[in-house]
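Undergrad: Please read through the structure below; I'll follow up with questions.
2 protein chains.
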Amino acid sequence: MPLNPDRFLEDLHQLRSFGASGIGKGVVRPAYTAVEIAARRWLASRMEEAGLKTHLDPVGNLFGLAGEKSLLIGSHSDSQPEGGWLDGALGVVAGLEIARAAKEDGGPAISVANFQDEEGRFGILTGSDVWTKKISLAEADLLTSTDGITLSAARAKMMGRSKEFLPHDMFSGFIEMHIEQGPGMDASGDKIGVVTDIVGIREIRVEILGRQNHAGTTPMHLRQDAFQAMADFNQRINQRFAELATPTTVWTLGHLEISPNASSVVPGVARFALQWRDGETERLERMGEVLRDVAARVAQDRNVEVNLGDIGGIEPAAMDPQLRKALCTAADEVAPGKWLELPSGALHDAANVARVMPAAMLFVPSIGGISHAFDEDTDEVDLVLGLEVLDRAARSI
Amino acid sequence: MPLNPDRFLEDLHQLRSFGASGIGKGVVRPAYTAVEIAARRWLASRMEEAGLKTHLDPVGNLFGLAGEKSLLIGSHSDSQPEGGWLDGALGVVAGLEIARAAKEDGGPAISVANFQDEEGRFGILTGSDVWTKKISLAEADLLTSTDGITLSAARAKMMGRSKEFLPHDMFSGFIEMHIEQGPGMDASGDKIGVVTDIVGIREIRVEILGRQNHAGTTPMHLRQDAFQAMADFNQRINQRFAELATPTTVWTLGHLEISPNASSVVPGVARFALQWRDGETERLERMGEVLRDVAARVAQDRNVEVNLGDIGGIEPAAMDPQLRKALCTAADEVAPGKWLELPSGALHDAANVARVMPAAMLFVPSIGGISHAFDEDTDEVDLVLGLEVLDRAARSI
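This is the structure in structure tokens:
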């Protein structure tokens, strides 16, 4: 095997040293921070050593180019404010090793991608958003991080910027290897996951206006309690969404606030966000209609005002059938009986790249399903197994 | 009639000028603030003009003494951070007018009470808490306001302090006149409410520990969602408490927070306060038992940890039968067919005073049931009617 698993794991640990923090194998390396730029610079040097030509585009995406039309393999090296060592990093370092091995033994032309700000310090998947023209660089420049910095200022700090974005037709397709970030494969014992599609997301902000009042003197039947209306809304949504859901459909009420938030006062205002995810646009739309119906019923039954914001989101992205097939074949050869096909509930750069070229994804398990946390981890044997499947698939295309 | 309604209303408006703020007849006069102390000093001067001997005790309770064993009438003159002109003020000025009129025409000995910090800037009903020895002055001195001031420092700012607390046996009983603060009488058209008892309160803090996780990759059936567990807790409490409740029983979930409170994250922690009120200690206790049962069931069914804090609260206070009878008789004479007996869902100084002497309360309606808000108000005709009932009752005792 031309691959060098030890070198691959060594690079992964070396990359972790940029921003290593917290418990376990924790990493703090948010997009455009000094340590993140240093990590990207180090990755560029490793790409050069591997015989790849590096290219940094204006938004900070780093490419290691094979020098001819090639398959692109990669992910991102920025992290959540409290992240683990594999989220993104695994896909970039896997791409590096596969491209390096191919260069060394006369394999196929493989280029490496390292997208910037996948974790959305500024946008959604900022680097691939801009490269795939989902948003313009001018629009992106106006995006602001929660600490008040504009993307324009952040990217100005990056090393030796290139002048242009790479054309998409330099690449025949894109494959992203990633940790699952969920508990499914860890629980089932599967070692390789071939992604069928990346789910779409919808999110809405809801405001319920009731009547703030005294918690002692306002009889139960006369209350217009905004919290109770929210709880009712939540209960009805749980029932109605469950009727529409597939086993992989999810919905979450993860952000809420009530006002005045005092134990002796009947709440007058409740604000919350509801997010739902599914692989099919039609189902996402239908869930939005159900939500509007629930809102109208709660407003009527509870004598409150329910104000709905716009429904925002991202469309589902189907993975390319041919690339999927190559991954399935390789998985079946390398890990027979220990792989499966599954959708991705998390968002990835591959969802953007799928809009401009054939794209696919490969998962390896996450121990305990933990991610976006310092204690995120995957057995190194599983990391190497994923690397082998990806290498075999890349050589078969 | 010896009462002077114009003088009574004029004093009420004059008192409002201390801290008049906001819309309507709003007042900002929290306990121990400069404007509150000025208002108290002005009230002392009005008591002196009425021939009463003023006495300020160490915690800041102001008395206007008739000079012999007497009925005590009063309330408080401090306000909520955003209060109305009548909450508390009405009872003090009514006591002043009744004592003044009695002095002028040889009526019974009437003293006036103006308790400090009824609105609980520092404690619960701080001034009457200390006077009735529910807590000691030393304990009270350690209480801190939300803006970080100790009661010890706050009361040091008060004018010419007296050295001792008044003995309770100087008074034959206590009557407090107050606005209803709820919508009941405004809706029913009753003008006078004779309070049967002041409800007891129980409050508990609840913490639910689930498992924080990714809102995309965590399947619905594997979630340990702390918010959903809280919503389930709330729903079960609503059902179980409703089985025990009387028409005047109330319960409120008015304070809550979830963590990490992000729309893309399954909440791992939910913390909230639940408060319930009822006129019977036995029912309050039974509701506490039900709550513990619900907590255990939610923990089991939802696979979360439910941690309960201590159940704190205040016991119900029954009003004195003889004073109540005097008020009922007077109400029936002054406002036949337009009065009722009712419990008080709000807490008042009378609940404390009832522990050391016979105590009773008289309500007048609140327009729209609004209180603890700038737009709190009562028709002046109703204020004067209440004054007449109270005066008549005081003369009959």
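Chains R and V supply the protein sequences, listed in that same order. Mapping of the first sequence onto numbering that gives the first Met the number 0: position 51 corresponds to residue 50, and the numbering continues sequentially without gaps. Mapping of the second sequence onto numbering that gives the first Met the number 0: position 387 corresponds to residue 386, and the numbering continues sequentially without gaps. Every residue, glycine too, gets a C-beta built ideally from N, C-alpha and C.
#1: Closer than 6 Å by C-beta to residue 341 (chain V): which residues in its own chain qualify, once you throw out the five before and the five after it? Chain order, please.
#2: Using a Cβ-Cβ distance cut-off of 8 Å, determine whether residue 346 (chain V) contacts chain R.
#3: Taking the alpha carbon of residue 358 (chain R) as the point to measure from, which residue in R:248, R:368, R:375 and R:196 has its own alpha carbon closest?
#4: Which word fits residue 22 (chain V), buried or exposed, when buried means at least 16 other C-beta atoms lie within 10 angstroms of its C-beta?
#5: Go ahead and pull the three-state DSSP assignment for residue 249 (chain R).
#6: Please confirm whether any heavy atom of the ligand COA lies closer than 7 Å to the CB of residue 4 (chain V).
#7: If we define contact as Cβ-Cβ less than 8 Å, is residue 278 (chain R) a contact residue for chain V?
#8: What are the residues in the region 260 to 293 of chain V lying within 7 Å of chain R by C-beta distance?
#9: Starting from residue 233 (chain R), find everything on chain V with Cβ-Cβ shorter than 7 Å and list it in chain order.
#10: So, helix, strand or coil for residue 166 (chain R), using DSSP?
#11: Would a check of beta-carbon distances place residue 208 (chain V) closer than 8 Å to chain C?
#12: Any beta carbon of chain R sitting closer than 8 Å to that of residue 364 (chain V)?
#13: Determine whether the beta carbon atoms of residue 365 (chain V) and residue 198 (chain V) lie at a separation below 8 Å.
#14: For the alpha helix (DSSP H) containing residue 309 (chain R), list its first residue and its last residue.
#15: Is it the case that the region 24 to 41 of chain R contacts the region 108 to 119 of chain R, given that we only count it when at least three CB pairs across the two stretches are under 8 Å?
#16: Tell me where the beta strand (DSSP E) around residue 69 (chain V) begins and ends.
#17: Is the CB-CB distance between residue 208 (chain R) and residue 233 (chain R) below 8 Å?
#18: Tell me where the alpha helix (DSSP H) around residue 12 (chain R) begins and ends.
#19: Comparing the C-beta of residue 314 (chain V) with each C-beta of chain R, is any distance below 8 Å?
#20: When you compare each of V:73, V:238, V:330 and V:242 to residue 170 (chain V) by their alpha carbons, which one comes out closest?
#21: Hey, quick one: how far does the beta strand (DSSP E) through residue 113 (chain R) stretch, first residue to last?
#22: Along the region 168 to 193 of chain R, what residues have a CB closer than 9 Å to any CB found in chain V?
#23: How should residue 39 (chain V) be labelled, buried or exposed, when 16 other C-beta atoms within 10 angstroms of its C-beta is the threshold for buried?
#24: Please list the terminal residues of the continuous alpha helix (DSSP H) segment that includes residue 102 (chain V).
#25: Listed in chain order, which residues of the region 362 to 393 of chain V have Cβ atoms closer than 9 Å to some Cβ of chain R?
#26: If you draw a straight line from the C-alpha of residue 266 (chain R) to the C-alpha of residue 250 (chain V), how long is it?
#27: What does residue 32 (chain R) reach in chain V if we use C-beta pairs closer than 7 Å?
#28: Can you confirm whether the region 215 to 223 of chain R touches the region 207 to 224 of chain V when touching is taken to mean that 3 or more C-beta pairs between the two stretches lie within less than 8 Å?
#29: Residue ranges of each alpha helix (DSSP H) run of no fewer than 4 residues wholly in the region 313 to 385 of chain R, ordered along the chain?
#30: Per DSSP, residue 212 (chain R) is paired with what?
#31: Measuring straight from C-alpha to C-alpha, what distance separates residue 377 (chain V) and residue 368 (chain V)?
#32: Specify the secondary structure class of residue 150 (chain R) as computed by DSSP and reduced to three states.
#33: Determine the closest residue to residue 174 (chain V) out of V:388, V:120, V:276 and V:360, with distance taken between C-alpha atoms.
#34: Of all the CB atoms in chain V, is at least one closer than 8 Å to the CB of residue 202 (chain R)?
#35: Only counting the same chain, and skipping five residues up and downstream in sequence, which positions put a Cβ closer than 6 Å to that of residue 275 (chain V)?
#36: Check residue 143 (chain R) in the structure and name its three-state DSSP category.
TA: Let me lay it out:
#1: As a first step, residue 341 (chain V) is located in the second sequence; it is residue number 342 there, counting from the start. Answer for residue 341 (chain V): 192, listed in chain order.
#2: In the second sequence, residue 346 (chain V) corresponds to position 347, counting from 1. Taking Cβ atoms only, chain R reaches closer than 8 Å to residue 346 (chain V), which makes this a yes.
#3: Sequence index remark: in the first sequence, residue 358 (chain R) carries index 359 (1-based). It is R:196 whose Cα lies nearest to the Cα of residue 358 (chain R).
#4: On the second sequence, residue 22 (chain V) is found 23 positions in, with the first residue counted as 1. Result: exposed.
#5: In the first sequence, residue 249 (chain R) corresponds to position 250, counting from 1. DSSP places residue 249 (chain R) in strand when its eight states are reduced to three.
#6: The ligand COA is not part of this structure, which contains no ligands at all.
#7: Numbered from its first residue, the first sequence carries residue 278 (chain R) at position 279. Among the residues facing chain V, residue 278 (chain R) is not included, as its CB has no counterpart in that chain under 8 Å away.
#8: Residues 260, 261, 262, 263, 264, 265, 266, 272, 274 and 276.
#9: The count along the first sequence starts at 1 and reaches residue 233 (chain R) at position 234. Here the neighbours are 230.
#10: Start at 1 with the first residue of the first sequence, and residue 166 (chain R) comes out as number 167. Of the three classes helix, strand and coil, the one that applies to residue 166 (chain R) here is coil, per DSSP.
#11: Of the protein chains in this structure, namely R and V, none is chain C.
#12: The sequence position of residue 364 (chain V) within the second sequence is 365, counting from 1. Using a CB distance cut-off of 8 Å, residue 364 (chain V) does not count as an interface residue toward chain R.
#13: Counting from 1 along the second sequence, the entry for residue 365 (chain V) is found at position 366. Counting from 1 along the second sequence, the entry for residue 198 (chain V) is found at position 199. Going by C-beta atoms, residue 365 (chain V) is not nearer than 8 Å to residue 198 (chain V).
#14: Counting from one through the first sequence, the residue named residue 309 (chain R) turns up at place 310. No alpha helix (DSSP H) holds residue 309 (chain R); DSSP gives it neither H nor E.
#15: Taking a cut-off of 8 Å for Cβ pairs, the region 108 to 119 of chain R and the region 24 to 41 of chain R touch, as three or more such pairs fall below it.
#16: Position 70 of the second sequence, counted from the first residue, corresponds to residue 69 (chain V). Its beta strand (DSSP E) spans residues 69 to 75.
#17: Within the first sequence, numbered from 1, the residue matching residue 208 (chain R) stands at position 209. Within the first sequence, numbered from 1, the residue matching residue 233 (chain R) stands at position 234. Taking 8 Å as the Cβ cut-off, residue 208 (chain R) and residue 233 (chain R) do not qualify as a contacting pair.
#18: Here residue 12 (chain R) is taken as the residue at index 13 of the first sequence, counted from 1. Here the alpha helix (DSSP H) through residue 12 (chain R) covers 4 to 15.
#19: Working through the second sequence from its first residue, we reach residue 314 (chain V) at position 315. So no, residue 314 (chain V) is outside the interface.
#20: Counting from one through the second sequence, the residue named residue 170 (chain V) turns up at place 171. Nearest C-alpha to residue 170 (chain V): V:73.
#21: Mapped onto the first sequence, residue 113 (chain R) falls at position 114. According to the DSSP assignment, residue 113 (chain R) belongs to the beta strand (DSSP E) that extends over 109 to 114.
#22: For the region 168 to 193 of chain R, which is checked against every Cβ of chain V, the residues closer than 9 Å are 179, 180, 181, 182, 183 and 186.
#23: Numbered from 1 along the second sequence, position 40 holds the residue referred to as residue 39 (chain V). The residue is buried, with at least 16 neighbouring Cβ atoms inside 10 Å.
#24: Start at 1 with the first residue of the second sequence, and residue 102 (chain V) comes out as number 103. Here the alpha helix (DSSP H) through residue 102 (chain V) covers 88 to 104.
#25: Correct list: 365, 368, 369, 370, 371 and 372.
#26: As a first step, residue 266 (chain R) is located in the first sequence; it is residue number 267 there, counting from the start. As a first step, residue 250 (chain V) is located in the second sequence; it is residue number 251 there, counting from the start. Just so you know, the alpha carbons of residue 266 (chain R) and residue 250 (chain V) end up roughly 12 Å apart.
#27: Translated into the one-based positions of the first sequence, residue 32 (chain R) becomes position 33. Neighbours of residue 32 (chain R) on chain V: none; closest Cβ ~20 Å, over 7 Å.
#28: Using a C-beta cut-off of 8 Å, the region 207 to 224 of chain V makes no contact with the region 215 to 223 of chain R, since fewer than three inter-stretch Cβ pairs fall below that distance.
#29: Entirely contained in the region 313 to 385 of chain R, the alpha helix (DSSP H) runs reaching 4 residues are, in chain order, 320 to 333 and 348 to 352.
#30: As a working mapping, residue 212 (chain R) is identified with position 213 in the first sequence. Looking at the DSSP output, residue 212 (chain R) bridges to R:265.
#31: What you label residue 377 (chain V) is simply residue 378 of the second sequence in a count that begins at 1. What you label residue 368 (chain V) is simply residue 369 of the second sequence in a count that begins at 1. Cα-Cα distance, rounded: 9 Å.
#32: For the purposes of this step, residue 150 (chain R) is identified with residue 151 of the first sequence, where counting begins at 1. Annotated three-state conformation of residue 150 (chain R) is helix, per DSSP.
#33: Against the second sequence, residue 174 (chain V) aligns to sequence position 175. Closest option to residue 174 (chain V), judged by alpha-carbon separation, among V:388, V:120, V:276 and V:360: V:360.
#34: Position 203 of the first sequence, counted from the first residue, corresponds to residue 202 (chain R). Chain V contact via Cβ: present.
#35: As a working mapping, residue 275 (chain V) is identified with position 276 in the second sequence. For residue 275 (chain V), where only same-chain residues beyond five positions count, the Cβ hits under 6 Å are 201, 250 and 286.
#36: Mapped onto the first sequence, residue 143 (chain R) falls at position 144. In this structure, residue 143 (chain R) counts as strand in the three-state DSSP scheme.
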